[in-house]
Every structure is written in structure tokens, then in C-alpha cells.
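Engineer:
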Amino acid sequence: MEAIIYLAHGSKREAANGKFIDFIQKVMQQSSAAIQAYGFLEHAEPLAAQAIETCIEQGASDITVVPVFLLPGIHANIDIPAELERFPNVVFHYGRPLGVDDIMGEILADRLAEAGFGGLEDETVLLVGHGSRVPEAGVEFEKLASGLAEKIACRVHTAFVTTPVFYHEAAAKLVDQKIYILPYFLFSGGYTVKMKRELDVVSGDIIFCEPVGFDESLIPLIEKRAAEVVAHEFKLSNYVTA
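Under this note's numbering, the first residue of the sequence shown carries the number 69, and numbering increases by one thereafter.
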């Protein structure tokens with residue numbers, strides 16, 4: 069029997085995890101899969117292994133796993149595949165993260181519009197991501213920024229929280245313009261609070277946009293990622309191992 073599992077990172081903030089659960093339940097309501105579950109990689113339950121075990125207990129032996137992550141990285145490319153390897157008797161079909169897509173570009177443009185961005189000459193955008201040691205993540209992030217720049221007819225600068233170029237350094241170089249900080253995160257909380265605190269000391273006109281979050285516009289994208297993977301059996305060798 070087939071099943072589908074949606075895996076997110078998880079947050080130390082219960083409210084943030086609750087937003088994911090509310091969101092993913094809407095996704096599940098629109099799926100025809102007989103067995104469905106969700107789980108977290110860390111910080112919250114059910115954990116990934118618990119979600120898999122729940123599906124197995126219901127009779128599943130063929131499971132599609134959709135990583136609800138914005139970009140490829142250590143978690144999506146290594147940590148989740150390692151969890152799947154713990155169940156050698158189950159056939160897994162493993163999807164790719166949300167990644168670059170027109171839907172994501174529309175959501176980012178909406179976040180800018182909500183914050184008052186008008187595309188004026190004295191305005192610029194700083195798209196801030198988590199950062200990753202996986203090169204593919206950086207490539208996709210730059211593609212996302214390029215697509216957004218084309219959509220809003222404005223240059224989009226990029227920076228990160230955990231890897232260079234760091235966001236506060238990038239912002240300090242743009243102080244002659246009105247800077248719209250656009251956090252590329254699903255879970256808000258620690259990182260966004262830290263960003264606001266550290267950028268308070270940067271001179272200039274800085275506007276914080278809301279992060280991507282669990283926008284209902286993401287539902288079709290998650291459905292798309294799930295549909296893509298049904299025909300592709302999971303193999304650990306397909307993913308980064310270092």
C-alpha cells in the first residue's frame with residue numbers, strides 16, 4: 069500500500085510548528101493518498117522515523133517522502149535520506165525541496181508589496197537565506213534572486229545568516245538606498261529576531277518584510293513536488309554525502 073509523508077525541519081517554538089501542522093493538514097485534505105502523515109526532522113514530534121513507523125503500521129510498504137524545505141542542503145540531501153535508510157524493507161520515493169518555481173517568486177513579490185515596495189530607484193532588495201555548505205543550494209538561491217529581480221524590475225542582492233556573505237555586511241553596503249530585507253524562511257522566530265536586532269545598529273532606511281512562511285499559495289507547489297517523485301525510487305547515492 070502507498071503512503072505519503074511531508075517532512076519539515078521543525079522549530080523550538082511550538083507556535084511555529086503549529087503553523088506547519090495547520091498548513092500541511094490543508095495539503096493532506098487535497099491529496100487522494102490513502103495513508104498520509106507529517107513529521108519533523110528535529111525539535112518537534114512526530115519525528116521522521118515516527119511518521120514512517122505510523123505509515124508502516126497502517127500497511128504502507130511504498131512511501132513518497134516530500135521534504136518541505138525551501139532549498140537543497142544538508143538536511144534535505146543528507147539527514148532525511150539517512151533516516152530513510154533505517155527502513156530497508158520500505159520502498160521510498162524521495163522528492164526535491166520546494167526550490168525555484170514561479171509560485172515561490174510570486175510569494176516573494178507579494179511579501180515585498182505588503183511591506184510597501186514600489187520599485188523606485190532609491191529602493192533595493194536584500195534576499196536573506198539560511199546558508200548551506202551544499203553548493204547546489206547557493207546556485208538555486210541565486211536563480212531565485214534573479215527570477216525575482218526580473219519580476220519586480222529591481223536588483224535583488226543576496227546574503228545569508230550562517231555563511232558569507234553575511235546579511236549585516238551586505239546591508240551595510242547598501243545604506244544609501246531604502247533596503248527591503250526579505251527573509252527566505254518557512255519558520256520565523258530565532259533567525260528573524262536576530263536579524264532585526266543586529267540590523268537595528270545599521271544606519272539607513274531598512275524595511276523588514278514578512279518571511280515566506282506557510283503561505284497557502286505553496287500548496288500547489290507541494291502537490292507538484294509530490295507528483296514528480298512517484299516514479300523515482302529513492303537511492304542514497306543520488307544525494308550529497310559530504
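The beta-carbon is built from N, C-alpha and C at its ideal position, and this holds for glycine as well.
Who are the Cβ neighbours of Val233 in its own chain at under 8 Å, not counting the five residues just before and after it?
Structural biologist: Thr226, Ala227
Engineer: With DSSP run on the structure shown, which of helix, strand or coil describes Asp313?
Structural biologist: Because residue 313 is not part of the residues shown, which for the chain are 69 to 310, the question remains open.
Engineer: Can you tell me which of Phe88, Asp130, Ala84 puts its alpha carbon nearest to the alpha carbon of Ala102?
Structural biologist: Asp130
Engineer: By the three-class DSSP mapping on this structure, what secondary structure does Gly78 have?
Structural biologist: coil
Engineer: Should Thr230 go down as buried or exposed, given a rule of 16 or more other Cβ atoms within 10 Å for buried?
Structural biologist: Counting Cβ neighbours within 10 Å, Thr230 comes out exposed, since fewer than 16 surround it.
Engineer: Mind checking whether Gly163 and Val297 have CB atoms under 8 Å apart?
Structural biologist: yes
Engineer: Verify whether the separation of the beta carbon atoms of Tyr248 and Val193 is less than 8 Å.
Structural biologist: yes
Engineer: Helix, strand or coil, according to DSSP, for Lys241 in the structure here?
Structural biologist: Lys241: coil per DSSP, three-state reduction.
Engineer: Using DSSP bridges, identify the partner residues of Phe137.
Structural biologist: Partner(s): none; Phe137 has no beta bridge.
Engineer: Arg81: which of Phe255, Lys292, Leu267 sits nearest, CA to CA?
Structural biologist: The candidate whose alpha carbon is nearest that of Arg81 is Phe255.
Engineer: Which stretch, first to last residue, makes up the beta strand (DSSP E) that contains Leu250?
Structural biologist: For Leu250, the uninterrupted beta strand (DSSP E) run begins and ends at 246–251, by DSSP.
Engineer: Tell me, please, which residues DSSP counts as bridged to Ala227.
Structural biologist: Note: Ala227 sits in a beta bridge opposite Val196.
Engineer: Around the Cβ of Ile142, are there at least 16 other Cβ atoms within 10 angstroms (buried) or fewer (exposed)?
Structural biologist: exposed
Engineer: At what residues does the alpha helix (DSSP H) containing Val207 begin and finish?
Structural biologist: Counting along the chain, the alpha helix (DSSP H) containing Val207 begins and ends at 203–220.
Engineer: Between the stretch 142–151 and the stretch 85–104, do at least 3 Cβ pairs fall closer than 8 Å?
Structural biologist: no
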